[in-house]
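Right, one structure below, let's go through it.
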Amino acid sequence: MNPQPSTSAVGELVTLFDHVLEEHGFGWDHWHSLVWNLRNTEPAQWTALPPGGGRTIREIVIHLGGTFLMYENHAFGDASRGWGDYVVDGVAPGHTPEETTVWLRVAHGALRQRVAELTDDQLGGLRKAPWGEMYETRRILELMIQHPLYHVGEINHIRALLQGNDDWDHQDMGREEET
Amino acid sequence: MTDVPSTVAVTALVRFADSAFDGQHWHAVMRNLGSLQGDDWDWTPSEGERSIREIVRHIGKSKLIFANQLFGDGTLSWDDPEVAKPVRAGGSVDEAIAWLRETHVAFRDGIAGCTDDELATTPTGYWGKPTELQWSIEVLTQHDVYHAGEINHIRALRHGNDAWGNDPAAEDLV
C-alpha cells in the first residue's frame, strides 16, 4: 500500500486562504480578513471616494472576486474565462453589498476547492497565470493569499478616511460586540 | 535512529513571511516602501491621521513583540522603550528601513526555529490568552501585506494616481 502523499504545506496554504476571507479565531485577530473589513463599511461607503481617491471599495471587491475566478480557471481549469466574466455558478456580483459579498464567497470557494485538492509534491509544478505565463504553483497560491490582504488594507484605509477615524482602533471595530 | 521532526509546514510559513515582507510580489512591504519618495513618509492625506512612517513603525514594533512573546523570553511589552519609542524608526528613511529589516529577521528566525509539531502548541502571548502558534504566525504575516496595502493607498493619494495600474511597485504581478 502506498503511503498517502503529504498535504502539510497545502493545509497551511488552505488555512491562510480561508483566513483571507473570514477568520473565526480567538476573537481579536480577524481584522485583516475581507468579510470583517466589509462588515465595518456602511453600504453608502461601498461606492464613495475619499478626497483624491480613484477606486471605490466596491471596485476593489469585484477586482478581488474576479481574480479568484481568473486564477481558478487559468491555473486549474481550461483557461477560457476572460477578465470581466464575473458570473460563477449562476451568481453575479449584483448591486448591493450583500449580493456582492455572496458572490465574493462563491468566487473564493471556487479557487479554495482547487487548492484543497493539491498535495505537497504538486506545489512545485508549473501552472498558468491569467496572462499565459507559467509559474510554480506555490508562487501562484502565495499571490492569491497576499493579493486580497493587500487590497483589504486599502479597503480599510478608504473606510477610515470616509468615516473620519483613521486610527489604530477602528480597524478592529465591533470586536467587543462579539465577546 | 530518531526521526527528524518535520518542518514542511514551517518552511511554507517562513517562505510566506519572507515573501510578505520583501518578496517579488508587488504586495510586499519593502516593494511598496521602494515606491516612495522621501517626503512621502511623513505625509497624511486629507481626513487621515496615520502617515506611512507611523505604519512602518507599527509593523516593526509588532514584529518585535511577537518575536519576543512567541519565540523569546516573553518579557518585552508595548511599554518597553525599544517598542514604545524606537528611535531609529523616526530617523532617516535608510535608518528606518534598516531597523524594520532587523525586526523582520527577529520574527522570521523565530519561525524558522520551529518544527511542524510546535505549530499546534498554544503559547500565551502578550494578550494573555493561549493561542495556537500557527495562528499567531499567520496573523503577523497577514499584517505585513495588509499594511502594505494601506501604504500603497496613502502613496496613491499623495501622488494623485489612485487608479488601477498606477502602482509603481507592480512591475510584474507574480
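Going down the list, the protein sequences come from chains A and B. In terms of the numbering used here, the numbers along the first sequence are unbroken and rise by one, the last being 179. In terms of the numbering used here, the numbers along the second sequence are unbroken and rise by one, the last being 1174. From the three backbone atoms N, C-alpha and C, an ideal C-beta is built for every residue, glycine too.
Legend entry - A/L16 versus B/S1092: straight-line alpha-carbon distance, rounded: Here residue 16 of chain A refers to the residue found at position 16 of the first sequence. Here residue 1092 of chain B refers to the residue found at position 92 of the second sequence. In a straight line, the C-alpha of A/L16 is about 35 angstroms away from that of B/S1092.
Legend entry - Meets three-Cβ-pair contact criterion under 8 angstroms: the segment 126–136 of chain A and the segment 47–58 of chain A: no
Legend entry - Complete runs of the beta strand (DSSP E) confined to the segment 71–138 of chain A [at least 3 residues]: 126–128 and 134–136
Legend entry - Near-chain A residues of the segment 1099–1110 of chain B (beta-carbon distance less than 7 angstroms), N- to C-terminal order: none
Inset, instruction - Step through the CB atoms of chain A and report whether any lies within less than 7 angstroms of the CB of B/H1179. - result: Residue 1179 of chain B lies beyond the residue range present for chain B, which begins at 1001 and ends at 1174; the question has no answer from this structure.
Legend entry - Nearest candidate by alpha-carbon position, reference B/P1005, set A/H157, A/Q4 and A/S8: For this step, residue 1005 of chain B is matched to residue 5 along the second sequence. Of the candidates A/H157, A/Q4 and A/S8, the one whose C-alpha sits nearest the C-alpha of B/P1005 is A/S8.
Legend entry - Whole-angstrom distance between B/P1081 and B/F1066, CA atom to CA atom: Position 66 of the second sequence, counting from 1, holds the residue named residue 1066 of chain B. Position 81 of the second sequence, counting from 1, holds the residue named residue 1081 of chain B. Roughly 16 angstroms between the two C-alpha positions.
Legend entry - Among B/N1032, B/H1147 and B/A1106, nearest to A/W31 - alpha-carbon criterion: In the first sequence, counting from the first residue as 1, residue 31 of chain A sits at position 31. A/W31 has its Cα closest to that of B/H1147, out of B/N1032, B/H1147 and B/A1106.
Inset, instruction - Check each candidate in A/Y86, A/T41, A/Q146 and A/R138 and name the one with the smallest Cα separation from A/A192. - result: Given that chain A is displayed from residue 1 to residue 179, the structure contains no residue 192 of chain A and the question cannot be resolved.
Inset, instruction - Determine, using beta carbons only, whether B/H1159 comes closer than 7 angstroms to chain A. - result: Along the second sequence, one-based indexing puts residue 1159 of chain B at 159. False, the Cβ-Cβ gap to chain A never drops below 7 angstroms.
Inset, instruction - Label A/G164 either buried or exposed according to how many other C-beta atoms from any shown protein chain fall within 10 Å of its C-beta, with 16 as the threshold for buried. - result: Taking the first residue of the first sequence as position 1, residue 164 of chain A is located at position 164. Exposed is the call here.
Inset, instruction - Using a Cβ cut-off of 7 angstroms (strictly closer), state whether B/S1019 contacts chain A. - result: Numbered from 1 along the second sequence, position 19 holds the residue referred to as residue 1019 of chain B. Answer yes: the Cβ-Cβ gap between B/S1019 and chain A drops below 7 angstroms somewhere.
Legend entry - Per-residue DSSP class, three states only, for B/L1173: Here residue 1173 of chain B refers to the residue found at position 173 when the second sequence is read from its first residue. At B/L1173 the pLDDT is 43, less than 50, meaning the model places this residue with poor confidence; the figure from the coordinates comes in the next sentence. In this structure, B/L1173 counts as coil in the three-state DSSP scheme.
Inset, instruction - For chain A, find out if any of its Cβ atoms is closer than 7 angstroms to the Cβ of B/E1150; answer yes or no. - result: Position 150 of the second sequence, counting from 1, holds the residue named residue 1150 of chain B. It does; some Cβ of chain A falls within 7 angstroms.
Legend entry - Residue from A/L143, A/L49 and A/Q4 with nearest C-alpha to A/V20: As a first step, residue 20 of chain A is located in the first sequence; it is residue number 20 there, counting from the start. Among A/L143, A/L49 and A/Q4, the Cα nearest to that of A/V20 is on A/L143.
Legend entry - Proximal chain A residues relative to B/L1013, where beta-carbon distance stays under 7 angstroms: The sequence position of residue 1013 of chain B within the second sequence is 13, counting from 1. Here the neighbours are E12.
Inset, instruction - Note down, in chain order, every chain A residue with its Cβ under 9 angstroms from the Cβ of B/W1164. - result: For the purposes of this step, residue 1164 of chain B is taken as the residue at position 164 of the second sequence. Within chain A, the residues near B/W1164 are G54, R55, E59 and H63.
Legend entry - chain E within 7 angstroms of B/S1051, Cβ atoms only: This model lacks chain E altogether, as its protein chains are A and B.
Inset, instruction - Would you list the residues sitting across from B/T1124 in a DSSP beta bridge? - result: Within the second sequence, numbered from 1, the residue matching residue 1124 of chain B stands at position 124. Paired residue(s): B/P1130.
Legend entry - CB of A/R114 within 7 angstroms of CB of A/F76, strictly: Translated into positions along the first sequence, residue 114 of chain A becomes position 114. Translated into positions along the first sequence, residue 76 of chain A becomes position 76. Cβ atoms of A/R114 and A/F76: closer than 7 angstroms.
Legend entry - Distance, B/L1133 Cα to A/L64 Cα: Within the first sequence, the letter at position 64 stands for residue 64 of chain A. Within the second sequence, the letter at position 133 stands for residue 1133 of chain B. Cα-Cα distance, rounded: 29 angstroms.
Inset, instruction - Helix, strand or coil for B/G1072, going by three-state DSSP, please let me know. - result: For this step, residue 1072 of chain B is matched to residue 72 along the second sequence. Residue state, collapsed to three classes: coil.
Legend entry - Residue range of the alpha helix (DSSP H) that includes B/W1099: Taking the second sequence and counting its residues from 1, one reaches residue 1099 of chain B at position 99. Where B/W1099 is concerned, the enclosing alpha helix (DSSP H) stretches over V1093 to A1112.
Legend entry - Under the three-state DSSP convention, the category B/D1018 falls into: The residue labelled residue 1018 of chain B in the question sits at position 18 within the second sequence. Helix, per DSSP.
Legend entry - Euclidean distance between Cα positions of A/V87 and A/E99: Within the first sequence, numbered from 1, the residue matching residue 87 of chain A stands at position 87. Within the first sequence, numbered from 1, the residue matching residue 99 of chain A stands at position 99. Answer to the nearest angstrom: the Cα atoms are 12 angstroms apart.
Legend entry - B/L1036 - DSSP class collapsed to helix/strand/coil: Translated into positions along the second sequence, residue 1036 of chain B becomes position 36. Coil at B/L1036, not helix or strand.
Inset, instruction - For A/Q4, decide whether its Cβ has a neighbour in chain B, counting only Cβ atoms nearer than 7 angstroms. - result: Against the first sequence, residue 4 of chain A aligns to sequence position 4. By this cut-off, A/Q4 is not an interface position.
Legend entry - 8 angstroms contact criterion, which B/T1122 and B/T1131 should meet: CB distance rounded: Walking along the second sequence from the start, residue 1122 of chain B turns up at place 122. Walking along the second sequence from the start, residue 1131 of chain B turns up at place 131. Indeed, because the Cβ distance is near 6 angstroms, the residues count as touching under 8 angstroms.
Legend entry - Pair within 7 angstroms by beta-carbon distance, A/A79 and A/L162: As a first step, residue 79 of chain A is located in the first sequence; it is residue number 79 there, counting from the start. As a first step, residue 162 of chain A is located in the first sequence; it is residue number 162 there, counting from the start. No, the Cβ-Cβ distance between A/A79 and A/L162 is not below 7 angstroms.
Inset, instruction - Could you give the DSSP three-state label for A/G164: helix, strand or coil? - result: The count along the first sequence starts at 1 and reaches residue 164 of chain A at position 164. Of the three classes helix, strand and coil, the one that applies to A/G164 here is coil, per DSSP.
Inset, instruction - Identify, in the order they occur along the chain, each residue of the same chain with its Cβ nearer than 8 angstroms to the Cβ of B/D1117, setting aside the five sequence neighbours on each side. - result: Counting from one through the second sequence, the residue named residue 1117 of chain B turns up at place 117. Here the set comprises P1005 and S1006.
Inset, instruction - Please work out which residues of its chain come closer than 7 angstroms, Cβ to Cβ, to A/F26, disregarding the five sequence neighbours upstream and downstream, and give them in chain order. - result: Locating residue 26 of chain A in the first sequence gives position 26, counting from the first residue. Only weak support is given to the placement of A/F26: the predicted model assigns it a pLDDT of 46, under 50, and the value that follows is read from those uncertain coordinates. Cβ neighbours of A/F26 beyond the five flanking positions: none.
Inset, instruction - State yes or no: is the beta carbon of B/Q1037 nearer than 7 angstroms to at least one beta carbon in chain A? - result: Here residue 1037 of chain B refers to the residue found at position 37 when the second sequence is read from its first residue. No, no contact with chain A.
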